[in-house]
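Asks:
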Amino acid sequence: MKIVMLGAPGAGKGTQAQMIADQYKIPHISTGDIFRENVKNGTALGMEAKKYMDQGALVPDELTVRILLDRVARDDCKNGYVLDGFPRTIPQAEVLDKALREIGDKIDYAINVDVPDENIIRRMSGRRACLTCGATFHIEHIPPKQEGICDKCGKELVQREDDKAETVKNRLEVYHKQTQPLIDFYTGQNVLQTVDGTVDMKDVFAAINEILA
Numbered sequence: 129m130k131i132v133m134l135g136a137p138g139a140g141k142g143t144q145a146q147m148i149a150d151q152y153k154i155p156h157i158s159t160g161d162i163f164r165e166n167v168k169n170g171t172a173l174g175m176e177a178k179k180y181m182d183q184g185a186l187v188p189d190e191l192t193v194r195i196l197l198d199r200v201a202r203d204d205c206k207n208g209y210v211l212d213g214f215p216r217t218i219p220q221a222e223v224l225d226k227a228l229r230e231i232g233d234k235i236d237y238a239i240n241v242d243v244p245d246e247n248i249i250r251r252m253s254g255r256r257a258c259l260t261c262g263a264t265f266h267i268e269h270i271p272p273k274q275e276g277i278c279d280k281c282g283k284e285l286v287q288r289e290d291d292k293a294e295t296v297k298n299r300l301e302v303y304h305k306q307t308q309p310l311i312d313f314y315t316g317q318n319v320l321q322t323v324d325g326t327v328d329m330k331d332v333f334a335a336i337n338e339i340l341a
């Protein structure tokens, strides 16, 4: 079961991707996590990716494709995987489609988690992260027990550059211009399914489960 998750930044597709991975025992592959790990470790790739991420722009295809194709070739992906954050553009989707066809494979489902922009701006600007242990919180929905302090390790929580309201608006503009055409791409392949991402995350997952069952 090869699944692509679609949806604007902050739509909750990452959470749903992890729930799918847990339910169906397949890897959750997030390019965002890979980029952040490289940024935290100060690698050359991470520093290059950080320049784009801090501006709310997309990391260039060649950086992303190099990581992703190597990842899905590993043994733990033989029964399927959930891609979260890739593809982001039509050229990336075409590269992925071609690579899979060359090994006699294909994407089975493209699941679009649909959430209006105004909801996303409110969601993302409220997020806070611990740069020490990686835990994430939200000032409204998942507040820490002590304001500004991580529940897990006691270190300071910060608002990432890519969660600030102006950066989020920029990311949404980029998404609508470059990523939303993927909906048409996967519709043309008869694999697109759309779910309402404004409801409770358990209800979103229930809708996805109906699709995958």
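Letter by letter, the sequence shown follows residues 129 to 341 in this note's numbering. Note that the Cβ used here is the ideal one computed from N, Cα and C, for glycine as well. Just so we're clear, the structure is a prediction, and the values are computed from it rather than from any experiment.
(1) Would you report the Cα separation of ALA238 and TYR209, rounded to the nearest angstrom?
(2) Where does ASP212 land, buried or exposed, given buried means 16+ other C-beta within 10 angstroms?
(3) Would you report the Cα separation of ALA227 and CYS258, rounded to the nearest angstrom?
(4) Can you check whether the CB of THR322 is closer than 7 angstroms to the CB of ASP242?
(5) Within its chain, find whatever has a CB closer than 6 angstroms to the CB of GLY160; leave out the 5 residues flanking it on each side and keep chain order.
(6) If the criterion is Cβ atoms closer than 7 angstroms, does the pair ILE195 and ILE162 meet it?
(7) For HIS304, count neighbouring Cβ atoms within 10 angstroms of its own Cβ and tell me buried if that reaches 16, exposed if not.
(8) Could you say which of THR217, LYS273, TYR314 and ARG288 lies nearest to GLY262 if we only look at CA atoms?
(9) Mind checking ALA149: buried by the 16 CB within 10 Å criterion, or exposed?
(10) Please state whether the Cβ-Cβ distance between ARG299 and GLY184 is less than 7 angstroms.
(11) Over what stretch of residues does the alpha helix (DSSP H) that includes ILE157 continue unbroken?
(12) If you measure between the beta carbons of ALA293 and ILE339, is that distance less than 7 angstroms?
(13) Would you call the CB atoms of ILE311 and ASN247 closer than 7 angstroms?
(14) Mapping DSSP to helix, strand and coil, what is PHE214?
(15) Sort ASP331, THR307 and ASN318 by Cα distance to ARG216 and report the nearest one.
(16) Do ILE157 and ARG199 have their beta-carbon atoms positioned less than 7 angstroms apart in this structure?
(17) Tell me the rounded alpha-carbon separation between ALA177 and PHE265.
(18) In this structure, does DSSP put GLN321 in helix, strand or coil?
(19) Pick from ILE267, PRO137 and GLN146: whose alpha carbon is nearest that of ARG255?
(20) If I follow the unbroken beta strand (DSSP E) through LYS283, where does it start and stop?
(21) Just to confirm my understanding: we take VAL193, look at its own chain, exclude 5 residues before and 5 after, and list those with CB closer than 7 angstroms. What are they?
Replies: Looking at the atomic coordinates:
(1) 12 angstroms
(2) buried
(3) 36 angstroms
(4) In contact: ASP242 and THR322 (Cβ atoms closer than 7 angstroms).
(5) GLY213
(6) yes
(7) exposed
(8) Each of THR217, LYS273, TYR314 and ARG288 was checked against the Cα of GLY262, and the nearest Cα belongs to ARG288.
(9) By the 16-neighbour rule on beta-carbons within 10 angstroms, ALA149 is buried.
(10) Taking 7 angstroms as the Cβ cut-off, ARG299 and GLY184 qualify as a contacting pair.
(11) Here ILE157 belongs to no alpha helix (DSSP H); instead the beta strand (DSSP E) covers 156 to 158.
(12) Going by C-beta atoms, ALA293 is not nearer than 7 angstroms to ILE339.
(13) no
(14) The three-state secondary structure of PHE214, taken from DSSP, is coil.
(15) By alpha-carbon distance to ARG216, the top candidate from ASP331, THR307 and ASN318 is THR307.
(16) yes
(17) 24 angstroms
(18) strand
(19) ILE267
(20) No beta strand (DSSP E) holds LYS283; DSSP gives it neither H nor E.
(21) The answer, listed in chain order, is GLN220 and VAL223.
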